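Position 96 of the sequence shown, counted from 1, bears residue number 100 in the working numbering, the numbering being contiguous throughout. For every residue, glycine included, the Cβ atom is placed at its ideal position computed from N, Cα and C. Just so it is clear, the structure is predicted and the values come from calculations on it, not from any experiment.
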Amino acid sequence: MNQFRFSRRPDIGEKVSVSFEFFPPKTDEMEARLWDTVTTLEPLKPELVGALKSVGDFDISVSAYPEKHPESPDFATDIDMLKRKVDNGATRAITQFFFDNDLYERYVERARRAGIYIPIVPGILPVHNFTQVANFSSRCGALVPAWLAERFEGLENDPQTHALVASAVAAEQVLDLVERGVGDFHFYTMNRADLVFAVCHMIGIRSHEAEATGSAAA
Numbered sequence: 005m006n007q008f009r010f011s012r013r014p015d016i017g018e019k020v021s022v023s024f025e026f027f028p029p030k031t032d033e034m035e036a037r038l039w040d041t042v043t044t045l046e047p048l049k050p051e052l053v054g055a056l057k058s059v060g061d062f063d064i065s066v067s068a069y070p071e072k073h074p075e076s077p078d079f080a081t082d083i084d085m086l087k088r089k090v091d092n093g094a095t096r097a098i099t100q101f102f103f104d105n106d107l108y109e110r111y112v113e114r115a116r117r118a119g120i121y122i123p124i125v126p127g128i129l130p131v132h133n134f135t136q137v138a139n140f141s142s143r144c145g146a147l148v149p150a151w152l153a154e155r156f157e158g159l160e161n162d163p164q165t166h167a168l169v170a171s172a173v174a175a176e177q178v179l180d181l182v183e184r185g186v187g188d189f190h191f192y193t194m195n196r197a198d199l200v201f202a203v204c205h206m207i208g209i210r211s212h213e214a215e216a217t218g219s220a221a222a
């Protein structure tokens, strides 16, 4: 991990900036160490949420885990942790990535039954590298469905097709969530903004620049 900063930002109205910066992992071993560091850090625990909220009234996003945190003994404990974060001032939760939308939907239902009504934004991870994502998923407790593995089978040495499949799979997931009433999404880019750009294009989201260019051409 490079650094962790917690500072006032007078240029944005006395809000607080909390930032985490990491050197991009270049090997599977480095990626494993990065994940271990993030898991150990767990930056937005309830106590830190409360401390941040005491500085000023601003939005605080915290983590949520549709398949529960890998160190949580059960879903009840996991939901209780999220509830404590909300009680301390969290205004939004962003989930760990997942590939089964039913798991997200059930998690939201559990949260609502527990009295948690903040937005729970689904985290979407376009599969930039299937082997790395599968390894990463095993460490964070995220299920990799058999159908997903089949989609990427034989594409290890075909990056162009791999990218097309990755974008299509993520777009399918987002569109299904939209049909279920979800309106906000968080994308884990993993330094592959091109995949997220493709997903956004597939689901009908255009940048202002693209819209302006299209209007001029018409």
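| query | result |
| --- | --- |
| Three-state class that DSSP yields for Arg210 in the structure shown | coil |
| Counterpart residues of Arg96 in DSSP-defined beta bridges | Ser65 |
| Between the CA atoms of Phe156 and Lys89 - distance to the nearest angstrom | 37 Å |
| Residues that DSSP places opposite Gly127 in a beta bridge | Phe101 and His190 |
| Exposed unless 16 or more other CB atoms sit within 10 angstroms - verdict on Asn2 | In the structure as shown, the chain starts at 5 and stops at 222, and residue 2 therefore has no counterpart that could be examined. |
| Span separating the alpha-carbon of Asn161 from that of Ala174 | 21 Å |
| Rounded separation between Leu107 and Ser58 - CA only | 34 Å |
| Burial state of Ser211, where buried means 16 or more other Cβ atoms lie within 10 Å | exposed |
| Cutoff 7 Å; reference Phe101; Cβ partners in own chain excluding five residues on either side | Gly127, Ile128, Leu129, Ala146 and Tyr192 |
| Residue range of the alpha helix (DSSP H) that includes His166 | Pro163 to Glu183 |
| Boundaries of the alpha helix (DSSP H) in which Leu52 is found, first to last residue | Pro50 to Val59 |
| Segment contact flag, the segment 114–121 with the segment 166–183, C-beta cutoff 8 Å, min 3 pairs | no |
| Same chain, Cβ closer than 6 Å to Met194, five either side skipped, listed in chain order | His132 |
| C-beta atoms of Arg96 and Val125 nearer than 8 Å | yes |
| C-alpha gap between Ser76 and Asp82, whole angstroms | 6 Å |
| Between the CA atoms of Leu152 and Val137 - distance to the nearest angstrom | 11 Å |
| Inter-residue spacing [alpha-carbon to alpha-carbon] between Glu113 and Pro74 | 20 Å |
| Under the three-state DSSP convention, the category His73 falls into | coil |
| Cβ-based neighbour list, Lys72, same chain, cut-off 6 Å, excluding 5 preceding and 5 following | Phe79 and Asp82 |
| Contact check, Arg184 vs Glu109, beta carbons under 8 Å | yes |
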